[in-house]
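Visitor:
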Amino acid sequence: GAGVSQTPSNKVTEKGKYVELRCDPISGHTALYWYRQSLGQGPEFLIYFQGTGAADDSGLPNDRFFAVRPEGSVSTLKIQRTERGDSAMYLCASSSDRVGNEQFFGPGTRLTVL
Amino acid sequence: KNEVEQSPQNLTAQEGEFITINCSYSVGISALHWLQQHPGGGIVSLFMLSSGKKKHGRLIATINIQEKHSSLHITASHPRDSAVYICAVTGGGADGLTFGKGTHLIIQP
């Protein structure tokens, strides 16, 4: 079966622009996570969805970042007024059911803000 | 907030050597994960454990809950094992994974 997919794989944008990053989880997985990984660092938690609702968005760095999962499957991470510091690898993961289960990661979207 | 520390940060070894990567965390957890990340970003889950020991092929992971410590061992290491190995935990008040910075492993032929 298909794993977690993310599009685009690479995104280059200019400072101040708006970007959307998409994640397609494994079919049937109710839990979906977004993480951000800066160069040379481990990933950092951004937001966790259980179904359609954001159960924990404590990792979003500021109000320029927003994520949705309207039908409980595909999720979109939205970044407004991008800044150079937003440049990173954005990773999505999904797991069945609940927090603590094994997470399956997508290939990531590398975002570069010029 | 859980603090996850890994050592060493970088490790270069010769093919065939026994490899150990260590991970410690500061707050009680529900599970510890060992992940492998290859250049380009893809992350693969190797182990998820909450007690004892697990083995998959040449990989062994152990955890000591009382000491808040885990180790990942690779026996008969091979150049294809070269990757970044990341320790991550769930629990301790967080819904998502809390990650260590990773150990960059290079196995030379």
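Keeping their order, the protein sequence lines are chains S and D. With my numbering as the guide, the letters of the first sequence map in order to residues -2 to 111. With my numbering as the guide, the letters of the second sequence map in order to residues 291 to 399. We put the beta carbon where it would ideally sit given N, CA and C, even for glycine.
Residues of the region 329 to 361 of chain D with a CB closer than 7 angstroms to any CB of chain S: list them in chain order, please.
Guide: Of all residues in the region 329 to 361 of chain D, G331, G332, I333, S335 and M338 have a Cβ within less than 7 angstroms of some Cβ in chain S.
Visitor: Can you find a CB in chain D that lies within less than 9 angstroms of the CB of S/L43?
Guide: Locating residue 43 of chain S in the first sequence gives position 46, counting from the first residue. True, the Cβ-Cβ gap to chain D drops below 9 angstroms.
Visitor: So D/L387 contacts chain S; which residues on that side make the cut at Cβ distance below 7 angstroms?
Guide: Translated into positions along the second sequence, residue 387 of chain D becomes position 97. Chain S residues near D/L387: F42 and Q100.
Visitor: Within the present structure, is the beta-carbon of D/V379 separated from the nearest heavy atom of the ligand SAM by less than 8 angstroms?
Guide: As far as ligands go, the structure on display features none, and thus does not contain the ligand SAM.
Visitor: Would you say D/G392 faces chain S, with C-beta separation under 9 angstroms as the test?
Guide: The residue given as residue 392 of chain D occupies position 102 in the second sequence. True, the Cβ-Cβ gap to chain S drops below 9 angstroms.
Visitor: Measure from the C-beta of S/A(-1) to each C-beta in chain D and report whether the shortest distance is under 9 angstroms.
Guide: Here residue -1 of chain S refers to the residue found at position 2 when the first sequence is read from its first residue. Chain D contact via Cβ: absent.
Visitor: Chain D partners of S/R21, CB-CB under 8 angstroms?
Guide: Position 24 of the first sequence holds residue 21 of chain S. Note that residue 21 of chain S is Asp in the sequence shown, not Arg. By Cβ distance, chain D contributes nothing, its closest Cβ being about 15 angstroms from S/D21, past 8 angstroms.
Visitor: Using a threshold of 9 angstroms, state whether the C-beta atoms of S/R78 and S/Y15 are closer than that.
Guide: Taking the first sequence and counting its residues from 1, the one referred to as residue 78 of chain S is at position 81. Taking the first sequence and counting its residues from 1, the one referred to as residue 15 of chain S is at position 18. Their beta carbons are under 9 angstroms apart, which means S/R78 touches S/Y15 by this criterion.
Visitor: In the structure shown, what three-state DSSP assignment does S/R33 receive?
Guide: Along the first sequence, one-based indexing puts residue 33 of chain S at 36. If DSSP states are grouped into helix, strand and coil, S/R33 belongs with the strands.
Visitor: Closer than 9 angstroms, Cβ to Cβ, to anything on chain D: give me those residues from the region 48 to 61 of chain S, in chain order.
Guide: Listed in sequence order: A52, D53, S55 and G56.
Visitor: Between S/P5 and chain D, is any beta-carbon pair separated by less than 9 angstroms?
Guide: By one-based count along the first sequence, residue 5 of chain S stands at place 8. Taking Cβ atoms only, chain D never reaches closer than 9 angstroms to S/P5, which makes this a no.
Visitor: Cβ closer than 7 angstroms: which chain D residues qualify as neighbours of S/G39?
Guide: On the first sequence, residue 39 of chain S is found 42 positions in, with the first residue counted as 1. Within chain D, the residues near S/G39 are I376, F389, G390, K391 and G392.
Visitor: S/D54 by DSSP, collapsed to three states: which one?
Guide: To locate residue 54 of chain S, count along the first sequence from 1; it is residue 57. It is coil, neither helix nor strand.
Visitor: Grab the span of the beta strand (DSSP E) containing D/K345 for me, first residue to last.
Guide: Counted from its first residue, the second sequence places residue 345 of chain D at position 55. D/K345 -> beta strand (DSSP E) spans G342 to H346.
Visitor: In whole angstroms, what is the alpha-carbon distance linking D/I309 and D/H328?
Guide: Your numbering for residue 309 of chain D matches position 19 in the second sequence. Your numbering for residue 328 of chain D matches position 38 in the second sequence. Straight-line Cα distance between these residues: approximately 17 angstroms.
Visitor: Based on Cα-Cα distance, which residue from S/D54, S/E68, S/P104 and S/S6 lies nearest to S/T27?
Guide: As a position in the first sequence, residue 27 of chain S is number 30, starting the count at 1. Comparing Cα-Cα distances from S/T27 to each of S/D54, S/E68, S/P104 and S/S6, the minimum goes to S/E68.
Visitor: Check the Cβ-Cβ distances between D/A384 and every residue of chain S, and say whether any is below 9 angstroms.
Guide: By 1-based counting over the second sequence, the position of residue 384 of chain D is 94. Cβ-Cβ to chain S under 9 angstroms: yes for D/A384.
Visitor: For the structure I just gave you, are there three or more beta carbon pairs, one from the region 22 to 38 of chain S and one from the region 73 to 87 of chain S, closer than 8 angstroms?
Guide: Yes: at least three Cβ pairs fall under 8 angstroms.
Visitor: Quick one: Cα of D/S316 to Cα of D/G332, how far?
Guide: Position 26 of the second sequence holds residue 316 of chain D. Position 42 of the second sequence holds residue 332 of chain D. Approximately 27 angstroms, taken between the alpha carbons.
Visitor: Can you confirm whether S/G25, when its beta carbon is compared against all beta carbons of chain D, has any partner nearer than 9 angstroms?
Guide: In the first sequence, the residue the question calls residue 25 of chain S occupies position 28. By this cut-off, S/G25 is not an interface position.
Visitor: Are S/L111 and S/K8 close, meaning C-beta to C-beta below 9 angstroms?
Guide: Looking up residue 111 of chain S in the first sequence gives position 114. Looking up residue 8 of chain S in the first sequence gives position 11. No.
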